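Using my numbering, read the sequence shown as starting at -7 and increasing by one per residue.
One structure is given here, and the rest of the page talks about it.
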Amino acid sequence: MARSENKETAGPAARMAAVLAKRMRQRAGLTQEQLGARMGYSGAAVSAMETLAQPVSDEMLVKLEEVLGDGTGVFEELRELVRLERLPEQFRRYAPIEQKAVALWLYANHVVHGLFQTEEYARALIAGGYPEPTPERVEELVTARMARKALFDRRPTCEIELVLDESVLLRPIGSEEIMREQLRHLAECARRRNVNLQVLPLSAALGGEYAGDRGDLNVVETPDDGLVTFLEIQGESLLVTDRVKVRTHMQRYAKIRAQALDPRESLGLIERLAGVQR
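In structure tokens:
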């Protein structure tokens, strides 16, 4: 929805997209209505984008590249920047690191990790948060979260390990059907050659040792053979680069993985919960 306050909150990338779109439209001798018609939008939608009353959407950037880009790729480059500045502030430093990762070692014990969420699960989770986001903000965050999934098919391949606490599988988000689809999606992810997915059972602590008690954990191997840890809780985040601390996080992750069901058992549990018949 076009709103005057959007002009104040729009980020630098959205502002740059608006300026470039207007200048390139004018250089091409097109009116807002003519450009809109070529892209499948109304003239009013183009006007709202240029004035930042409605910051440019990911879909509109794709169309702008097709109609005005002239092979430069400028709007395609802006897509990444616009996506980045729409992310929650505490996630922005980590997002580019995640997308360039050589390997990821992940543990999630509250909800399904963002990389593995379906669109409907993510939408229900985000919309149900506090403070309650506007519908427009919900869609921005869902789009940004879904864009992260490109990492699964990236070349060169990123090796991804995820340990999910069993409680995550038992906590329905949104509706029973949304949760069933989420579980089926997890099962599909588990079959990917570059994914290792394991479940930390509720019974893991019965032996007197429970390595997952400190919450979610994200350890990243970077292209320069470095390791960093990303931690997030209650809307705050911490990017850890200290080698000693990251080594401890990696060792803790290894303990969590050792206490989890093996990949075959984990897939079987997920499929049973999803109602998949084999």
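Cβ coordinates follow ideal geometry from the N, Cα and C atoms, glycine included.
Computed from a predicted model, the values in this text were never measured in an experiment.
Can you give the beta carbon distance from residue i to residue j, rounded, assuming they're within the 8 Å contact cut?
| i | j | result |
| --- | --- | --- |
| residue 139 | residue 75 | 5 Å |
| residue 104 | residue 187 | With 8 Å as the limit, residue 104 and residue 187 do not qualify as a contact, their Cβ atoms being about 14 Å apart. |
| residue 41 | residue 13 | 7 Å |
| residue 89 | residue 220 | 6 Å |
| residue 18 | residue 39 | Incorrect: roughly 13 Å between the Cβ atoms, too far for contact. |
| residue 163 | residue 266 | No, residue 163 and residue 266 are not in contact; Cβ-Cβ is about 14 Å, not under 8 Å. |
| residue 44 | residue 67 | Residue 44 to residue 67, Cβ: 16 Å. No contact. |
| residue 96 | residue 8 | So it is not a contact: roughly 31 Å between Cβ atoms. |
| residue 32 | residue 55 | 7 Å |
| residue 86 | residue 209 | Not quite, the Cβ-Cβ distance comes to about 13 Å (not below 8 Å), so this is no contact. |
Using the Cα positions of residue i and residue j, report the straight-line distance between them to the nearest angstrom.
| i | j | result |
| --- | --- | --- |
| residue 146 | residue 72 | 15 Å |
| residue 181 | residue 114 | 16 Å |
| residue 178 | residue 98 | 14 Å |
| residue 132 | residue 11 | 21 Å |
| residue 245 | residue 112 | 29 Å |
| residue 184 | residue 15 | 45 Å |
| residue 269 | residue 50 | 38 Å |
| residue 3 | residue 191 | 39 Å |
| residue 141 | residue 94 | 15 Å |
| residue 194 | residue 80 | 31 Å |
| residue 172 | residue 261 | 13 Å |
| residue 241 | residue 82 | 20 Å |
| residue 258 | residue 6 | 43 Å |
| residue 154 | residue 206 | 16 Å |
| residue 166 | residue 62 | 43 Å |
| residue 108 | residue 92 | 17 Å |
| residue 235 | residue 211 | 12 Å |
| residue 110 | residue 174 | 6 Å |
| residue 126 | residue 78 | 14 Å |
| residue 151 | residue 214 | 12 Å |
| residue 223 | residue 130 | 22 Å |
| residue 276 | residue 28 | Nothing in the structure corresponds to residue 276, since the chain is present only between -7 and 270. |
| residue 264 | residue 101 | 20 Å |
| residue 64 | residue 48 | 18 Å |
| residue 26 | residue 168 | 46 Å |
| residue 122 | residue 227 | 10 Å |
| residue 255 | residue 156 | 11 Å |
| residue 216 | residue 60 | 37 Å |
| residue -6 | residue 229 | Residue placement at residue -6 is flagged as unreliable, the pLDDT there being 46, under the threshold of 50; the coordinate-derived value follows with that caveat. Rounded to whole angstroms, residue -6 to residue 229 spans 31 Å at the Cα level. |
| residue 22 | residue 46 | 20 Å |
| residue 189 | residue 124 | 32 Å |
| residue 277 | residue 30 | Not covered by the structure: residue 277. The range shown for the chain is -7 to 270. |
Based on DSSP bridge pairs, tell me the residues matched to residue i.
| i | result |
| --- | --- |
| residue 100 | 156 |
| residue 151 | 95 |
Does any heavy atom of the ligand FAD sit closer than 7 Å to the C-beta of residue i?
| i | result |
| --- | --- |
| residue 13 | The ligand content of the structure shown is nil, which means the ligand FAD is not present either. |
Measuring only between beta-carbons, confirm whether residue i sits less than 8 Å from chain B.
| i | result |
| --- | --- |
| residue 213 | This model lacks chain B altogether, as it is built from one protein chain only. |
Open item on the list: For a minimum of 3 consecutive residues, which ranges assigned as the beta strand (DSSP E) are wholly contained in the segment 181 to 253?
Closed with: As far as the segment 181 to 253 is concerned, its whole beta strand (DSSP E) runs of at least 3 residues are 187 to 192, 209 to 213, 219 to 225 and 228 to 232.
Task: Whole beta strand (DSSP E) elements within the segment 30 to 102, 3-residue minimum - done: For the segment 30 to 102, whole beta strand (DSSP E) runs of length 3 or above, ordered along the chain, are 95 to 100.
Task: Segment contact, 8 Å Cβ cut-off, at least three pairs: the segment 242 to 257 with the segment 186 to 204 - done: Under the 8 Å Cβ criterion, the segment 242 to 257 counts as touching the segment 186 to 204, having at least three qualifying pairs.
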